[in-house]
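Chains as they are written, first to last, in this note's numbering: chain C, 42 to 275; chain G, 193 to 391. Glycine included, every Cβ here is placed at the ideal spot set by N, Cα and C. In what follows, a single structure is set out as structure tokens and then discussed.
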């Protein structure tokens with residue numbers, strides 16, 4: 042699989058430490074929602090560093106969008122988030138990952154469970170579903186620390202009657218919130234899970250501890266582990 | 193000005209000879225699994241070798257831990273680009289499970305609790321190059337890292353080192369496992385950067 046040179050054409054802040062980066066990617070072959078790419082940076086002396094980033098949007102011709110969360114002290118993410126100039130190039134290899142993907146022909150209702158920046162590949166799925174005529178429903182449970190940490194507010198409030206987005210705050214909720222801040226628990230998952238079919242896929246993405254906890258809750262609730270697809274980071 | 197990632201400097205280039213191409217070193221131990229973590233107790237755990245003729249031999253946890261144990265210090269390399277140096281394990285070399293097995297097979301398919309599989313040439317599991325490990329850095333291997341026991345084949349990308357290992361099937365013809373059937377390289381040598389199909 043070749044490395045392909047892509048040009049940064051747009052940078053948007055999602056949170057104080059998170060960015061959407063849009064690249065012009067000539068010859069991009071397309072991808073499935075949920076897939077990721079490897080991004081390669083090259084220093085003047087030839088040193089190279091590679092990291093994986095999820096694709097945040099469904100296939101859109103020769104344009105790709107990545108979600109980058111700055112890791113303090115990180116070798117690559119602070120550079121991508123704030124230093125890579127508009128109009129400059131990086132190299133990408135992909136699309137990668139054929140397991141943590143949603144295919145538009147899948148008919149069953151879907152549950153997405155995101156922790157923090159784990160929302161990125163799930164946003165690609167929900168945006169892909171928004172473009173389809175599918176009658177299936179998408180539910181997103183999205184765990185963030187505070188209201189300032191919510192990515193993709195515009196896409197999540199897409200007005201699609203097939204979409205049900207619930208944001209759960211772990212540290213501090215909005216003033217009018219009715220749920221006490223706290224980690225995702227069984228009571229948060231019971232309702233969404235009850236609206237699924239036995240074969241419905243559940244996609245869980247987030248930090249390792251979050252994915253472990255949600256995976257355990259879902260299997261304890263009786264969901265078939267084979268229907269739960271996970272992606273962990275950190 | 194060079195327009196390819198201008199201004200990027202990166203970290204210092206030590207340890208270069210231990211790092212396969214395209215990898216970066218990490219101190220942490222990331223977890224990458226396709227699904228939820230299966231909970232397997234040591235009372236229920238067994239490991240079964242099945243030959244190409246269907247003959248089987250099974251070890252319980254007690255039997256496995258009664259076999260001669262080895263301390264293992266190895267670098268590990270994940271296809272998602274991180275490498276971790278000098279990881280310390282304890283376990284049993286695969287040779288101990290295969291020495292009395294009569295087989296003409298050239299390949300093996302390792303299987304896990306939870307349904308995961310991975311394939312590799314049988315010779316890559318022999319001669320002290322692969323182990324069933326149950327202890328990591330002096331502690332029982334945690335479930336998210338494959339506990340109670342996982343395969344460790346450190347000279348291949350880490351997806352070959354199946355977590356929650358439960359069996360090994362010896363086959364005449366190579367059969368792609370879970371990742372190998374959906375895009376990952378059949379062999380997965382980190383030093384030749386065999387990440388995906390066609391590499």
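DSSP three-state assignment for residue i, whether helix, strand or coil
i, result
"residue 268 of chain C", "helix"
"residue 382 of chain G", "helix"
"residue 215 of chain C", "coil"
"residue 276 of chain G", "strand"
"residue 258 of chain G", "helix"
"residue 255 of chain C", "helix"
"residue 313 of chain G", "strand"
"residue 248 of chain G", "strand"
"residue 64 of chain C", "strand"
"residue 238 of chain G", "strand"
"residue 273 of chain C", "strand"
"residue 290 of chain G", "helix"
"residue 209 of chain G", "helix"
"residue 253 of chain G", "helix"
"residue 86 of chain C", "coil"
"residue 260 of chain C", "helix"
"residue 178 of chain C", "coil"
"residue 391 of chain G", "coil"
"residue 229 of chain G", "coil"
"residue 281 of chain G", "strand"
"residue 59 of chain C", "strand"
Below-8 Å beta-carbon distance, residue i vs any chain A residue
i, result
"residue 262 of chain C", "Any reference to chain A falls outside this structure, whose protein chains are C and G."
C-beta neighbour in chain G for residue i, strict 8 Å
i, result
"residue 273 of chain C", "yes"
"residue 65 of chain C", "no"
"residue 124 of chain C", "yes"
"residue 253 of chain C", "yes"
"residue 95 of chain C", "no"
"residue 140 of chain C", "yes"
"residue 256 of chain C", "yes"
"residue 145 of chain C", "no"
"residue 83 of chain C", "yes"
"residue 105 of chain C", "no"
"residue 259 of chain C", "yes"
"residue 131 of chain C", "yes"
Integer-rounded CB distance, given that residue j should sit under 8 Å from residue i
i, j, result
"residue 225 of chain C", "residue 255 of chain C", "6 Å"
"residue 187 of chain C", "residue 213 of chain C", "5 Å"
"residue 82 of chain C", "residue 202 of chain G", "7 Å"
Any C-beta of chain C under 8 Å from that of residue i
i, result
"residue 197 of chain G", "yes"
"residue 374 of chain G", "yes"
"residue 210 of chain G", "no"
"residue 358 of chain G", "no"
"residue 250 of chain G", "no"
"residue 200 of chain G", "yes"
Sufficient close CB pairs (3 or more, under 8 Å) joining the stretch 71-89 of chain C to the stretch 129-140 of chain C: Contact check between the stretch 71-89 of chain C and the stretch 129-140 of chain C: three or more CB pairs, one atom from each, fall below 8 Å, which counts as touching.
Counting only runs that start and end within the stretch 107-171 of chain C, where is the alpha helix (DSSP H) found for 4 or more residues in a row? List check, alpha helix (DSSP H) in window: nothing returned.
Along the chain, which unbroken stretches of the beta strand (DSSP E) at least 3 residues long are found entirely within the stretch 188-251 of chain C? The stretch 188-251 of chain C contains these whole beta strand (DSSP E) runs: 204-210, 243-248.
Would you check if the stretch 355-368 of chain G and the stretch 293-312 of chain G touch, i.e. whether three or more CB-CB distances between them fall below 8 Å? Counting Cβ pairs under 8 Å, three or more are found: they touch.
Would the stretch 260-268 of chain C count as touching the stretch 234-247 of chain C if we require 3 or more Cβ pairs under 8 Å? Contact between the stretch 260-268 of chain C and the stretch 234-247 of chain C is present, because at least three Cβ pairs lie under 8 Å.
As an exercise, report each continuous beta strand (DSSP E) stretch of at least 3 residues that is fully enclosed by the stretch 295-375 of chain G, in chain order. For the beta strand (DSSP E) assignment, the uninterrupted runs of no fewer than 3 residues enclosed by the stretch 295-375 of chain G are, from N- to C-terminal side, 299-304, 309-313, 323-328, 342-344, 357-363.
Taking 8 Å as the threshold, find out whether the stretch 156-171 of chain C comes into contact with the stretch 180-200 of chain C through three or more Cβ pairs. Short answer: they touch.
Count Cβ pairs between the stretch 102-119 of chain C and the stretch 217-224 of chain G that sit closer than 8 Å; are there 3 or more? Because the criterion of three Cβ pairs below 8 Å is not met, the stretch 102-119 of chain C and the stretch 217-224 of chain G do not touch.
When the Cβ atoms of the stretch 263-276 of chain G are set against those of the stretch 330-341 of chain G, are three or more pairs found closer than 8 Å? The stretch 263-276 of chain G, when compared against the stretch 330-341 of chain G, does not touch it at the 8 Å Cβ threshold.
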